[in-house]
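Peer 1: For the sequence shown, the numbering used here assigns the number -6 to the initial residue and increments by one for each residue that follows.
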Amino acid sequence: MLQERQNRQLKKENNSKNRNNKELSIVAYIFVGLFVLLMGYFVYFNIVKSPSIINSSYNTRQDLFAKKVIRGKIVSSDGKILAQTVVSEDGTESREYPYDNMYAHVVGYASKGKAGLESLMNFNLLTSNAPLMERIIKEFKGVKNTGDNVVTTLDSKLQETAYKALGSNNGAVVVMEADTGRILAMVSKPDYNPNDIDTIWDSLVATDNTEDSSLLNRATQGKYPPGSTFKILTLMEYIRENPDYENYTYECSGKIVIDDSTINCYHNTVHGTEDLYQSFAKSCNSSFANIGLQLNINSLSKLCNEFLFNSALPYSMVYNKSSFTLTNKAETYDIMQTMIGQGETLVSPLHMALITQTIANNGVMMKPYLVDHTENYDGKVVKKYKDSAYDTIISEKEAAILKDFMQNVVENGTATKLSGQSYTVAGKTGSAEYGNVKGQSHAWFVGFSPVEDSKIVVSIVVEEAGAGSEYAVPIAKKIFDAYYN
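1. How close, in whole Å, do the beta carbons of residue 501 and residue 356 come, if the pair is a contact with beta carbons under 8 Å?
2. Looking at the structure shown, is residue 325 part of a helix, part of a strand, or coil, going by DSSP?
3. Would you mind working out which of 231, 417, 300 and 326 sits nearest residue 248, comparing C-alpha positions?
4. Among 416, 447, 149 and 282, whose alpha-carbon lies nearest the alpha-carbon of residue 258?
5. Going by Cα to Cα distance, which pick from 459, 473 and 425 is closest to residue 340?
6. Thinking residue 141 and residue 117 are a contact (beta carbons under 8 Å), I'd like their distance in whole angstroms, please.
7. What do you get for residue 184, buried or exposed, if any count of 16 or more other CB atoms within 10 angstroms of its CB means buried?
8. What residue from 368, 474, 385 and 389 has the CA that sits closest to residue 120's CA?
9. Contact between the region 166 to 182 and the region 341 to 349 is defined here as three or more beta-carbon pairs at a separation below 8 Å; is this criterion met?
10. Please list, in chain order, all residues of the same chain as residue 263 whose beta carbon is under 8 Å from its beta carbon, the five residues on each side excluded.
11. State yes or no: is the C-beta of residue 284 within less than 8 Å of the C-beta of residue 229?
12. Report the option in 161, 403, 175 and 198 whose CA atom is closest to the CA atom of residue 350.
13. Relative to the C-alpha of residue 286, which candidate in 406, 129 and 256 has its C-alpha closest?
14. Taking DSSP as the reference, what is the three-state secondary structure of residue 425?
15. If you count every other CB in all the chains shown that lies within 10 Å of the CB of residue 53, and 16 or more means buried, which is it?
16. Whose C-alpha, out of 411, 312, 443 and 406, is nearest the C-alpha of residue 216?
17. To the nearest angstrom, how far is the alpha carbon of residue 64 from that of residue 372?
18. Taking buried to mean at least 16 other C-beta atoms within 10 Å of its own C-beta, is residue 461 buried or exposed?
19. Any contact between the region 92 to 105 and the region 185 to 192? By contact I mean 3 or more CB pairs, one from each, below 8 Å.
20. For residue 446, count neighbouring C-beta atoms within 10 Å of its own C-beta (all shown protein chains included) and say buried if the count is 16 or more, exposed if not.
21. Please determine, among 360, 130 and 68, the residue with the shortest C-alpha to C-alpha distance to residue 149.
22. Just the Cα atoms here: how many angstroms apart are residue 72 and residue 91?
23. Here's a check: name, in chain order, each residue in its chain whose Cβ is nearer than 7 Å to the Cβ of residue 366, leaving out the five neighbours to either side.
24. Helix, strand or coil for residue 90, going by three-state DSSP, please let me know.
25. Count the other C-beta atoms from every protein chain shown that fall within 10 angstroms of the C-beta of residue 476, then say buried if there are 16 or more, exposed otherwise.
26. Indicate the three-state DSSP secondary structure (helix, strand or coil) for residue 413 in the structure shown.
27. Taking the DSSP output, what are the residues bridged to residue 436?
28. Taking the alpha helix (DSSP H) that residue 393 falls in, what are its first and last residues?
29. Give, in chain order, every unbroken run of the beta strand (DSSP E) that is at least 3 residues long and sits entirely within the region 209 to 255.
Written as structure tokens, this is what we have:
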């Protein structure tokens, strides 16, 4: 009997232990399940859904995501910090821009909305690709992870050179790699200090005229008459329509008068007898007005459209489309004006850089880009951005012909200040009249170097300065010197 009671007691205890073990197992499974769910939520929210959450235009509280991540840095191609978040001892964060105004438009700002690269790369800057377990641990501890860094294509030496060379003038400079589309420098003035954006915002937006605003990135949003830089396209169309273009001659008297319409050469200069090379090198307005009257306007319009006038540019940040509106029903005066880059034609410095880059790159237009790669805080590359061709716009033979004409501008024409250097340059100057007061003009220069196997492209506009040869060419020279030295 005693043995039976002991056996029953032992069996009862074993059953109790089994029940307890089973209950513990259930609890353990529940905890594991909850942990897996939390892990899944973390991965889904922070990795899968975060791009749409951060960048969704419907998410009015997207900045709350910044409570989880310290915004990453924006860095130049040579390692200079262009924007960073500084955390004080009390945990207060502030966005700092070490170069003040110098990168204002291209880097942008991260408060009062966002602009520039701060806007374009917002998701990347608020995404942390730190090691996964580190992110999970910090997430559960309520500690912020460190956002990824954006390494740009911008060259700090060229940016500083372009910024200082433009000086106190309003205008814009774009510097680009000829064979890749990498943007090496982008300057716009007037500018602002992004460190002070919160305190100066009201004054920045107070202007009634958007075109005068310091917030306007003139490099991409400025729309200017191209002046004589447009003669590149007039020339291209004439060469296409006239295989015997080398036989062209014109007698310049300083002006051309057709049907009571008059086009004057710059400062009424009399150029005398010219061939096509001399007409282009000396930027003879009357000769190019004469050329324009011989062209098929529909064909020229098609060429301009192929160069992306009236179309979207292959560019990711904010810009304004350029416009070419001439039709075959246009009046004589409007045709002549358009052929010399006046009239209704408007273009941005970025777009002129793309046109010039296409010629320098043997007819192939590249997609311009500003980001080389993103990396985590420890320098591990997260995503590499590669150069890519947009399209072949003109043939290699046509590009070679234009290079020859543009090199002659430097050697024998309006850009001789760039001749005699240790490097070769091809380019075109422009003096673009604007407004209603005769004689007012913006100074232009577009060009590339070296002429063969081109590496660097520049596009420069100096507002209200005058002749491109006097005001834009010297800026180009400083940029070329900095690039080669």
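Note that beta-carbon positions come from the ideal geometry of N, C-alpha and C, so glycine has one too.
Peer 2: Looking at the atomic coordinates:
1. Only positions -6 to 478 of the chain appear in the structure, and residue 501 is not among them; the question remains open.
2. helix
3. 326
4. 282
5. 425
6. 5 Å
7. buried
8. 368
9. yes
10. 245, 246 and 247
11. no
12. 175
13. 256
14. strand
15. Confidence in residue 53 is poor, its pLDDT being 46 and thus under 50, which makes the residue's placement too unreliable to answer from.
16. 312
17. 15 Å
18. buried
19. yes
20. exposed
21. 68
22. 13 Å
23. 144, 374, 376, 377 and 378
24. coil
25. buried
26. coil
27. 424 and 455
28. 389 to 405
29. 242 to 245 and 248 to 251
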